[in-house]
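Heads up, the sequence shown is in the numbering used here, so the first residue is 790 and it goes up one at a time. Think of the CB as a built atom: it goes at the ideal place given N, C-alpha and C, for glycine as much as any other residue. These notes are about the structure you will find just below.
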Amino acid sequence: MIEFKDVSLVYQNGTEALKNINLSISQGEFIVIVGLSGAGKSTLIRSINRLVTPTSGQLLVDDDNILSYNTKQLRKLRTKAGMIFQHHNLVKRSTVMKNVISGRLGYTSTLKSIFNLYPKEDLQLAYESLKRVNIEDKVYTRSDQLSGGQQQRVSIARVLTQQPNIILADEPVASLDPPTSHQVMTYLKEVNREDKITTIVNLHFIDMAMEYADRIIGMRDGEIVFDGPVSEVNEGT
Ligand code: ADP
Ligand code: ADP
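Dropping the structure here:
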């Protein structure tokens, strides 16, 4: 359902961040991408929802070449492929509920940001999403009053309200301590299993990748240097 065909990406300053990537990802896989800083992990992940645009090749999502998408198609793609960032990107001064419900389309208007104007189904969905990461007791808390791990759980809940087929997580645990990192990874894995959401996560640490991934992709200098199940990692590296 996600297919890279000879995808390259050269940034404007000449950096070749992706070099002829060929990669096929099926629905429901849990993939961890590992590699040193600068290897191209983030560029690869961000290509899938077109936060960055490859300069050559074909990138298919559900058999559609997303490199030719217009603005309207991109909006749909970004709903289908939800993103989680290292620095969670929550609106600091907003409540948890407001942040999570903003995962639904069309809530950019300030009028609708008054609580009662949200449709009941959307509030319900947001609440259910918060429950899945066990943080429903913080509905009315301002997001900047939460710990880093709690904020990252809220950002998982926000992505879930989009009802995505794909979750792209760009270094989601890089600023968290080890126990909190494991907790966040466990929630991502749970969601992947229960909802069959294709999940692609960038991680710095191979140990954590081994623990959670079904399949590991190793990157170096814009290229894929390893691609296989966890059981093959030792032979392949
Ligand atoms: P990683 O996620 O593995 O750290 P990145 O995808 O962020 O790697 O970066 C790959 C390469 O592209 C690096 O050399 C990085 O400096 C460069 N790069 C990333 N973003 C940009 C950009 N917007 N403009 C120019 N170069 C960039
Ligand atoms: P990451 O979160 O992947 O570690 P960085 O913190 O390295 O990203 O970079 C933050 C932002 O700067 C990103 O949007 C990235 O695309 C951009 N960036 C990274 N490297 C470069 C570069 N060499 N030139 C221009 N922009 C860059």
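Can you tell me which residues form a DSSP beta bridge with residue i?
{"i": "residue 805", "result": "799"}
{"i": "residue 1112", "result": "The structure shown does not extend to residue 1112, since the chain is modelled only from 790 through 1026, so no value can be given for it."}
{"i": "residue 821", "result": "990 and 1005"}
{"i": "residue 1018", "result": "1004"}
{"i": "residue 871", "result": "956"}
{"i": "residue 854", "result": "849"}
{"i": "residue 945", "result": "Answer is none; residue 945 lacks a bridge partner."}
{"i": "residue 1012", "result": "1009"}
{"i": "residue 832", "result": "According to DSSP, which records beta bridges pairwise, residue 832 is partnered with nothing at all."}
{"i": "residue 884", "result": "931"}
Taking the alpha carbon of residue i as the reference point, which residue from the options has its own alpha carbon closest?
{"i": "residue 854", "options": "809, 794 and 1009", "result": "794"}
{"i": "residue 938", "options": "948, 814 and 922", "result": "922"}
{"i": "residue 974", "options": "984, 991 and 985", "result": "991"}
{"i": "residue 801", "options": "842, 791, 828 and 826", "result": "842"}
{"i": "residue 994", "options": "958, 957, 822 and 985", "result": "822"}
{"i": "residue 1009", "options": "906, 819, 810 and 792", "result": "810"}
{"i": "residue 925", "options": "908, 948, 893 and 889", "result": "889"}
{"i": "residue 1003", "options": "985, 1011 and 943", "result": "985"}
{"i": "residue 833", "options": "957, 946 and 1015", "result": "957"}
{"i": "residue 962", "options": "955, 1001, 983 and 1013", "result": "1001"}
{"i": "residue 873", "options": "977, 813 and 908", "result": "977"}
{"i": "residue 819", "options": "806, 880 and 998", "result": "998"}
{"i": "residue 791", "options": "825, 852, 948 and 808", "result": "852"}
{"i": "residue 847", "options": "797, 875, 944 and 882", "result": "797"}
{"i": "residue 828", "options": "981, 949 and 1014", "result": "1014"}
{"i": "residue 808", "options": "1011, 1020, 1021 and 1016", "result": "1011"}
{"i": "residue 943", "options": "845, 919 and 844", "result": "919"}
{"i": "residue 849", "options": "812, 1005 and 878", "result": "812"}
Would you decide whether residue i is buried or exposed? Buried here means 16 or more other CB atoms lie within 10 Å of its CB.
{"i": "residue 951", "result": "buried"}
{"i": "residue 804", "result": "exposed"}
{"i": "residue 887", "result": "buried"}
{"i": "residue 860", "result": "exposed"}
{"i": "residue 927", "result": "buried"}
{"i": "residue 906", "result": "exposed"}
{"i": "residue 830", "result": "buried"}
{"i": "residue 1025", "result": "Bear in mind that a pLDDT of 46 at residue 1025, under 50, signals an unreliable position, so the model cannot answer this."}
{"i": "residue 1023", "result": "exposed"}
{"i": "residue 959", "result": "buried"}
{"i": "residue 1018", "result": "exposed"}
{"i": "residue 825", "result": "exposed"}
{"i": "residue 885", "result": "buried"}
{"i": "residue 816", "result": "exposed"}
{"i": "residue 954", "result": "buried"}
{"i": "residue 857", "result": "exposed"}
{"i": "residue 1020", "result": "exposed"}
Step through the CB atoms of chain D and report whether any lies within less than 9 Å of the CB of residue i.
{"i": "residue 847", "result": "The chain labelled as chain D is not found in the depicted structure, where only one protein chain is given."}
Item checked: At least three beta-carbon pairs within less than 8 Å, the segment 930-948 to the segment 964-973 -> yes
Notebook entry, point to check: Is there contact between the segment 830-848 and the segment 866-886, where contact requires at least three CB pairs shorter than 8 Å?
Noted result: yes
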